[in-house]
Amino acid sequence: MLPLAPYISTHQAKGLLFLLRPTKSLVMASYDLHPTSAFIPATATKLCLFFSLVVGLASAQLSSNFYATSCPNALSTIKSGVVSAVSSEKRMGASLLRLHFHDCFVNGCDASILLDAGGEKTAGPNDNSVRGYEVIDNIKSQVEKICPGVVSCADIVAVAARDSVVALGGRSWTVQLGRRDSTTASAAAANSNLPPPTLSLSGLISAFSNKGFTAKEMVALSGSHTIGQARCVSFRPRIYNDTDIDSSFKTSLQSKCPSTGPAGDDNLSPLDVTSPASFDNAYFRNLVAKKGLLHSDQQLFSGGSTDAQVNGYISNPASFQTDFANAMVKMGNLSPLTGSSGQIRTNCRKVN
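Numbering of the sequence shown is given in the working numbering, commencing with residue 1240 and proceeding in unit increments.
Next up, the structure:
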């Protein structure tokens, strides 16, 4: 969730307004100055203190060149680890992308999902589902060798997601850096914040709106399902209960996913039946053909408000790539820990 945070000043001023969350860092927005006597500091000392606070907070913002001096080879090291992992297993690209999503939607992009303690890793939406932990461990180990205690696990997860998309043919984007790692994890937050595959279109719009995303951005981000696979337990309700599904597609899926579990629960099927290892727009074509694997997938093209956008991404695949990249930048900025908040974990699985 992204609740409104308390203002540093309750007055409007021309310049920068910083919204500060109790446990996270700040989000920056512009605002206008209305000179009121209540805003004017009583003394020059107060004025200096105010601007000192503003400057200090501003320095804690994310930036694309955060490691340019402290660890100039960080990004190339992360990319090398991702390329190696994806070359060994194409599905890992989707897993690393999903890992970033499941991290950011739970109390922000702070690598809390990597902690073995706290229960987030084994929460319902993550247990026996989220993958890629060993890849992040390996990358972190390599980065620690060249820059001990400098690069956060949260930044590694964010960069790995981008590099995974690129490795599978998608468009790149500039990852903002400077996140720090949380010292806690929350199973309850994971269970309540991560949208399940059974959501309706209105439920999806609401779940993403709670994180500050528009319906358009939600559709773009859902396009991540153009890569990867899902377990039978996730798509079973669709193939046995939904009617807006291609009959041959349904029959094929039912042959590998029995109507009741636990038999077959972990059997996999590609989220994009056309090109599951290529980051393209085939996912949206599948929706029009009623071949969305998850109930929540097909909801994007079900006679509702997002049908036109799905068709738009089919006719203009470049617009999907652009919208997805922009939405990923926005997702990576969800409530990061910066400055002196959190820590730089030496081992991503446990606090220092």
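By construction, the Cβ of each residue, glycine as well, lies at the ideal position given by its N, Cα and C atoms. Quick caveat, the model's predicted, so the values are computed rather than measured.
Check: What is the rounded straight-line gap between the Cα of I1583 and the Cα of I1385?
Finding: 15 Å
Note to self: Looking at the secondary structure, which residues open and close the beta strand (DSSP E) in which A1469 lies?
What the structure shows: Q1468 to R1470
Check: Once you ignore the five residues that flank K1285 on each side, which residues in its own chain have a CB closer than 7 Å to its CB?
Finding: Its pLDDT being 44, under 50, K1285 is placed unreliably by the model, and nothing is read from it.
Note to self: Is it buried or exposed, E1359, if we count other Cβ atoms within 10 angstroms and call 16 or more buried?
What the structure shows: buried
Margin query: Taking 8 Å as the cut-off, does the region 1430 to 1441 touch the region 1534 to 1548 (at least 3 CB pairs, one atom from each stretch)?
Written below: yes
Margin query: Can you tell me whether T1249 is buried or exposed? The criterion is at least 16 other CB atoms within 10 Å of its CB, across all chains shown.
Written below: Reliability of the predicted coordinates at T1249 is poor, the pLDDT of 32 falling under 50, and no value is obtained from them.
Notebook entry, point to check: Can at least three beta-carbon pairs, one atom from the region 1507 to 1517 and one from the region 1448 to 1467, be found at a separation below 8 Å?
Noted result: yes
Next item on the list: Determine which residues share a DSSP beta bridge with D1420 and list them.
Entry: Q1582
Notebook entry, point to check: Of the choices R1330, K1329, V1398 and G1332, whose alpha-carbon is the least far from that of N1312?
Noted result: V1398
Margin query: Comparing C-alpha positions only, which one of N1365, R1370 and T1423 sits nearest to P1434?
Written below: N1365
Next item on the list: Run the CB neighbour count on N1432, radius 10 Å, all protein chains shown included, and call it buried at 16 or more, exposed below.
Entry: buried
Margin query: Between L1407, G1388, G1320 and S1327, which has its C-alpha nearest T1585's C-alpha?
Written below: G1388
Checklist line | Nearest-angstrom Cβ-Cβ length linking V1396 and A1350, presumed shorter than 8 Å | finding: 6 Å
Item checked: Exposure label - P1575; buried when at least 16 CB within 10 Å -> buried
Check: Helix, strand or coil: which one does DSSP assign to S1309?
Finding: coil
Checklist line | Residue span of the alpha helix (DSSP H) that contains A1486, given as start and end | finding: Checking the sequence, you will find Ser at residue 1486 rather than Ala. Where S1486 is concerned, the enclosing alpha helix (DSSP H) stretches over S1486 to Q1493.
Margin query: Going by beta-carbon coordinates alone, are S1411 and G1332 separated by less than 8 Å?
Written below: no
Note to self: Measuring CB atoms only, is the region 1442 to 1459 touching the region 1566 to 1573, in the sense that at least three cross pairs come out at less than 8 Å?
What the structure shows: yes
Next item on the list: Whole angstroms is fine: what's the gap from G1328's alpha carbon to R1401's?
Entry: Per the sequence presented here, residue 1328 reads as Glu, with Gly not at that position. Their Cα atoms are separated by approximately 17 Å.
Notebook entry, point to check: Relative to the C-alpha of Y1552, which residue among L1532, G1542 and R1524 is closest?
Noted result: R1524
Next item on the list: Report back the beta-carbon spacing between V1374 and G1320 to the nearest angstrom; my notes put them in contact at under 8 Å.
Entry: 7 Å
Next item on the list: State the start and end residues of the unbroken beta strand (DSSP E) segment that holds S1508.
Entry: L1507 to P1509
Next item on the list: With DSSP as the reference, label L1576 as helix, strand or coil.
Entry: strand
Check: Sorted by chain position, which residues of the same chain lie with C-beta nearer than 6 Å to F1447's C-beta, five sequence neighbours on each side aside?
Finding: M1457
Margin query: Could you tell me the alpha carbon to alpha carbon distance between D1519 and D1420, rounded to whole angstroms?
Written below: 32 Å
Checklist line | Limits of the alpha helix (DSSP H) - the one that P1387 falls within | finding: P1387 -> no alpha helix (DSSP H), and no H or E assigned at all.
Check: Taking the C-alpha atoms as reference points, what is the distance between S1334 and L1507?
Finding: 13 Å
Next item on the list: Inspect the CB distances between the region 1526 to 1533 and the region 1479 to 1493 and report whether three or more fall short of 8 Å.
Entry: yes
Next item on the list: Return the residue from the list G1571, V1549 and T1422 that minimises the CA-CA distance to G1462.
Entry: V1549
Note to self: Using C-beta distances below 6 Å, list every residue in its chain close to V1322, excluding the 5 sequence neighbours before and after it, in chain order.
What the structure shows: A1406
Check: Taking all protein chains shown into account, do 16 or more other C-beta atoms lie within 10 angstroms of the C-beta of G1581, making it buried, or fewer, making it exposed?
Finding: buried
Check: CB-CB under 8 Å to G1408, same chain, minus the five flanking residues each way: which ones, in chain order?
Finding: S1517, F1518 and D1519
Margin query: If you follow the alpha helix (DSSP H) that C1343 is in, where does it begin and where does it stop?
Written below: R1330 to C1343
Item checked: CB of A1459 within 8 Å of CB of F1340, strictly -> no
Item checked: Burial state of S1391 (16 or more Cβ within 10 Å) -> buried
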